[in-house]
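Undergrad: Protein chains in written order, with UniProt numbering: chain A, 1 to 185; chain B, 1 to 828.
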């Protein structure tokens, strides 16, 4: 490929939620950053507002650490990046690592972004094509567009698959006839 | 000075009766400042309470000594409203630590209010975990006054099984009269003074009421004579409906001098009896407003209409019976001819402003009426309503209508609190009215009037009792979760009662508990149509819509309810359900928490919140919520179920089984519960028991497909492949589009070695699951494509049995990858 194609924007994660197949579990995790400018930290990264963002303030790689209380199945990561607004702050190379703690992280995904303009969906699967089960996720920004030093990240969402079978270890039922009898509410 | 205070009191009562609370409060404050008597204190506290400021009444009464029963009762009521249960109990019964009063003491002390006092005390006991004592209080309250519904309801809800036949009956004269506040004394004495003081009448004890009733029974002549100089006999003799509408005319004439032109609104308890059966109870019009003591016009309204023995116009009981009657009512009085007394002009003036039903005579249908119904003049039917149903009425047996004092008491507890006098006037009037109407019959004149009067009064009350018995049976059945029986009983109520919010909501709830959500939805939408102001029961409707996944209807419902009443927990539960269906769990949680804030004693809000926490995998919070629900209502089987579910998720199967069993003890008819128990038993390796349970579930509700599905899965786990397949084939017929069914069929065929069929079913399962996120199905197919390598397959089968796969060493070939590439979508 001579000219890299621009990364197309993905769909709004809200639609993903509405399918009922995934659930956002960022609230169950502890978030930390390698560095940030005051007023542009974790809260701005997790506030559901695309206008606010995290701005890093240190040397590369810039890290976002997501630590869960227990081993969690993570299916997809959604990152919002917009080249038009962030220009040289837009990440261009992102590495996603998982593991039990800071010392045993393993990279499972690396992605290149070319002038992204919306949501990027990053499916996290292990070697067997299943959603990864992990205690910790680390998102590392290795490089920015135009070789910028610091990075902006506007929003990150973490999704876990929903099993939703209330009884018995069976997959989810698909008809209302079954679902009606599935539980007492 | 006393005259001034009397006038002031009358003014205050009048203001209260017109809901003009600012006026009432202002005047009452002046009265109390003027006269520091306990009656004035009570009046002021009543004004505060009725205007919705219980805390004011509480602080006022607390600051002063309350020795009179009504003050104590009001103070206790304020305490309970403000959740100061211990204090309330102290006031009513002497408290937790002191020697408590016995029920008889309470009856002695509170007299007429004893039934309400005991009901309130019962409530306090139940809320403080002394169910046995609470139940006793409720029982006693009901024995004192069988017209009270709420103690009966509370008894059913705490799990007692009061017998409606025993409860709702008029056992003795004593009972009959003691239910009613003082009756005739006010009438007797009323003619002397223009304004009656409420408090003096309030002091009457049951003894008085017996006395009153006796007076009542005495020759009505004597009563009349006390009212006016005319010989009542002449009225009686000449009183025929058509010609002399007001036997009491003279009596009212006197009273009319004191009259203030106050409009009265009455309310018809029924549109008219369901005329299809003479045994259907009906009990006619009730005065909605309680007259202030000096309000003679109120009496007039009644006396005027009393002579009209109206035939209730039911005919074809329409769903809009109430409105129908209301329009008719006004006309009927006008059309009354022969209103020759001086009362007439006043009557005309009044009925114009009065509520629709006032003028119509209350009707009571009773089979015990002495006079042959057919002998009633046909004129009365015409008078009652203009509907075509009157003609039908004429063709049916005419029933005597008699004013029921009793229903008045029953429905307007307000009137009984401070304003116990008001109904007295009403009562006395009604009694005299009864007399007159009976007498005017002409047919009955052969029997002594007073006995007739009494019989007819009793008949009136009997009608109501009969209705309460039926409704009580239905409600009791529902609370015991005999839902089918409840539906049956309630459906046999007369249609004008059937098509009301309360009855339909109970029926809707019965269907809901039977998991017949379509039926429930139908019924509830009917409720919304006829009583769109009703919120009680709407939380069940919202959950029904949640089960049926009708998001638009649910959204409309929740918006409507929250717009209408932001202080009702039901509205917020509906809103929460709406967002839960949209999978916006955080917002749903917020709304359920709001419901709890609005009413911390509303168990269902906790349960729904618990379910929501389960969906967001916050199991600890969910456990806490369910436990709270049980704390509020130990018979809330949904919460027991919720606990069971959490333990199941945590794989604590014995705990799960125990909690499901507790839920089942409360509601033994639930096939969903039985199904869950079956699955848990299977997880505990009690497969035989599991199958028994599932069989029971299927017997109870053959329409529940999940029972069959789980039975098939248990059979499959026990290697009874043929039976499992048979079960699944049947299920396929019932629910042909359910991907789970094909999935399980595929697994069975896989076990049977018929890979082709297995694969076919798996791919059907995949197709039917458009969201494509079912990893298990994908994996099941994965295994199918392994080369003929038995070992990995069996190992993987075992693992896939549990659905959630651990990482395995399966060697997937490129062929597999490409095969499934199209199917798999790592995107969404």
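No residue lacks a Cβ here, since even glycine has one placed at the ideal position from N, Cα and C. Remember, it's a predicted structure, so these values are computed and weren't measured experimentally.
Determine the DSSP secondary structure at residue 70 of chain A, reduced to helix, strand or coil.
TA: Three-state DSSP puts residue 70 of chain A in a strand.
Undergrad: Below 7 Å CB to CB, which residues in the same chain sit around residue 647 of chain B once its five sequence neighbours on both sides are set aside?
TA: Excluding residues within five positions, the ones whose Cβ falls inside 7 Å are 655, 656, 659.
Undergrad: Determine, using beta carbons only, whether residue 641 of chain B comes closer than 8 Å to chain A.
TA: Yes, because at least one Cβ of chain A sits closer than 8 Å to the Cβ of residue 641 of chain B.
Undergrad: Using the Cβ count rule (16 or more neighbours within 10 Å means buried), how would you classify residue 43 of chain A?
TA: Exposed, since its Cβ has fewer than 16 Cβ neighbours within 10 Å.
Undergrad: Taking the beta strand (DSSP E) that residue 78 of chain A belongs to, which residues open and close that run?
TA: Start and end: 76-82.
Undergrad: Name the two residues that bound the continuous beta strand (DSSP E) containing residue 118 of chain A.
TA: Its beta strand (DSSP E) spans residues 117-123.
Undergrad: On the three-state DSSP scale, how would you describe residue 602 of chain B?
TA: Coil, per DSSP.
Undergrad: Going by C-alpha to C-alpha distance, which of B:131, B:465, B:93, B:559 sits closest to residue 117 of chain B?
TA: The shortest Cα separation from residue 117 of chain B among B:131, B:465, B:93, B:559 belongs to B:93.
Undergrad: State the Cα-Cα distance for the pair residue 737 of chain B and residue 170 of chain A, rounded to the nearest angstrom.
TA: Residue 737 of chain B and residue 170 of chain A: Cα-Cα distance of roughly 16 Å.
Undergrad: Quick one, which residues of the segment 694-712 of chain B are near chain A if we go by CB-CB under 9 Å, in chain order?
TA: Residues passing the 9 Å Cβ filter: 701, 703, 704, 705, 706, 707, 709, 710.
Undergrad: Check the Cβ of residue 673 of chain B against every Cβ in chain A and list those closer than 9 Å, keeping chain order.
TA: 184, listed in chain order.
Undergrad: What's the gap between the Cα of residue 616 of chain B and the Cα of residue 545 of chain B?
TA: Those two C-alpha atoms are separated by around 21 Å.
Undergrad: Taking Cβ to Cβ, would you say residue 667 of chain B is nearer than 8 Å to residue 632 of chain B?
TA: For residue 667 of chain B and residue 632 of chain B, no; Cβs fall outside 8 Å.
Undergrad: From this set, B:718, B:669, B:698, B:674, which residue's C-alpha is nearest residue 685 of chain B's C-alpha?
TA: The shortest Cα separation from residue 685 of chain B among B:718, B:669, B:698, B:674 belongs to B:718.
Undergrad: Looking at residue 515 of chain B and residue 487 of chain B, is the spacing between their C-beta atoms short of 8 Å?
TA: It is not a contact, given that the beta carbons lie outside the stated cut-off.
Undergrad: Using only CA atoms, which one of A:24, A:183, A:15, A:7 lies nearest to residue 77 of chain A?
TA: Of A:24, A:183, A:15, A:7, the residue nearest in Cα terms is A:24.
Undergrad: Report yes if the C-beta distance between residue 728 of chain B and residue 741 of chain B is below 8 Å; otherwise report no.
TA: Yes, they are a contact pair.
Undergrad: Just the chain A side, please: which residues come within less than 8 Å of residue 632 of chain B by C-beta, in chain order?
TA: Correct list: empty, because the minimum Cβ distance to chain A is about 17 Å.
Undergrad: Using the C-alpha atoms, what's the distance from residue 503 of chain B back to residue 49 of chain B?
TA: Taking the straight line joining both Cα atoms gives about 30 Å.
Undergrad: Kindly list, in the order they appear in chain B, the residues whose Cβ is closer than 7 Å to that of residue 115 of chain A.
TA: Going along chain B, no residue has its Cβ under 7 Å from residue 115 of chain A, so there is no contact; the nearest lies around 20 Å.
Undergrad: Give me the Cα-Cα distance between residue 131 of chain A and residue 619 of chain B, rounded to the nearest whole angstrom.
TA: Rounded to the nearest angstrom, the two C-alpha atoms are 22 Å apart.
Undergrad: Indicate whether at least one CB of chain A lies closer than 8 Å to the CB of residue 748 of chain B.
TA: So no, residue 748 of chain B is outside the interface.
Undergrad: What does the alpha-carbon distance come out to for the pair residue 176 of chain A and residue 550 of chain B?
TA: Cα to Cα, residue 176 of chain A sits roughly 10 Å from residue 550 of chain B.
Undergrad: Is there at least one Cβ from chain A nearer than 8 Å to residue 14 of chain B's Cβ?
TA: Residue 14 of chain B does not count as touching chain A.
Undergrad: Compare the beta carbon distance of residue 675 of chain B and residue 636 of chain B with 8 Å and say whether it is the shorter of the two.
TA: Contact: no.
Undergrad: Would you call the CB atoms of residue 44 of chain B and residue 28 of chain B closer than 8 Å?
TA: Yes, these two residues count as a Cβ contact at 8 Å.
Undergrad: Take residue 170 of chain B and list the residues in its own chain whose beta-carbon comes closer than 8 Å to its own, dropping the five residues that flank it on each side.
TA: 146, 176, 458, 461, 462, 465, listed in sequence order.
Undergrad: Taking all protein chains shown into account, decide if residue 55 of chain A is buried (16 or more other Cβ within 10 angstroms of its Cβ) or exposed.
TA: So residue 55 of chain A ends up on the buried side.
Undergrad: When DSSP labels each residue in this structure, what does residue 24 of chain A get in the three-state scheme?
TA: Three-state result, residue 24 of chain A: strand.
Undergrad: Leaving out five residues on either side along the sequence, give the residues of the same chain with a beta carbon under 6 Å from the beta carbon of residue 690 of chain B.
TA: 678, 681, 682, 714.
Undergrad: At the level of alpha carbons, what is the spacing between residue 153 of chain B and residue 68 of chain B?
TA: For residue 153 of chain B and residue 68 of chain B, the distance between alpha carbons rounds to 29 Å.
Undergrad: Which residues mark the beginning and the end of the alpha helix (DSSP H) in which residue 33 of chain A is found?
TA: Segment 29-33 is the beta strand (DSSP E) holding residue 33 of chain A; no alpha helix (DSSP H) there.
Undergrad: Quick one: Cα of residue 10 of chain A to Cα of residue 560 of chain B, how far?
TA: If you take the alpha carbons of residue 10 of chain A and residue 560 of chain B, they lie about 36 Å apart.
Undergrad: For residue 54 of chain B, which residues of its own chain have a beta-carbon under 7 Å away from its beta-carbon, when the five flanking residues on both sides are left out?
TA: Cβ neighbours of residue 54 of chain B beyond the five flanking positions: 78, 81, 82.
Undergrad: What residues of chain B sit near residue 178 of chain A, judged by a beta carbon separation below 7 Å?
TA: Near residue 178 of chain A (Cβ distances below 7 Å), the residues of chain B are 705, 706, 735, 738, 740.
Undergrad: Quick check: what's the CA-CA separation for residue 125 of chain B versus residue 672 of chain B?
TA: For residue 125 of chain B and residue 672 of chain B, the distance between alpha carbons rounds to 34 Å.
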